[in-house]
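In the UniProt record's numbering, the protein residues as written are 1 to 124. Idealized CB from N, CA, C, for every residue including glycine. Every value quoted in this text rests on a predicted model; they were computed, and no experiment measured them.
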């Protein structure tokens, strides 16, 4: 993760899906949307709630795939499964950078109150 976060290793993903499976681009976009619950950024597009079920589903998809950045995703999701979201800013920014982001870089983790407000605001 550190190599991706520092830019030593490039984060490129494929839009292609195999055997009807989720493409790596869609998977990384979903993971990026999950980080929005945890990070402060001036702008955010997309939101996927982080729940035990959503983490488990992402890990299941990961087990059935052969993504280029498999280790990055697994390391990120397993930390979240253990309740450790300290990597969320890095995860967000690695994916954000790959999209050519110029607005909305994550700056820090949200406070518990900010996270609660964000979740309430984005409930469907």
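Asked	Found
heavy atom of the ligand FAD below 6 Å from residue 38 C-beta	As for the ligand FAD, it is missing from this structure, which has no ligand bound.
Reduced DSSP secondary structure (H/G/I, E/B, other) of residue 73	helix
Enclosing alpha helix (DSSP H) for residue 89 [first to last residue]	88-98
Inter-residue CB distance, residue 104 and residue 42 (contact presumed, cutoff 8 Å)	6 Å
Under the three-state DSSP convention, the category residue 118 falls into	helix
Residue 93 beta carbon less than 7 Å from that of residue 79	no
Cβ shell of residue 102 (< 6 Å), same chain only, five flanking positions each side left out	none
DSSP state of residue 48 mapped onto helix, strand, coil	coil
For residue 31, three-class secondary structure by DSSP	helix
Residue 59 versus residue 97: straight-line alpha-carbon distance, rounded	23 Å
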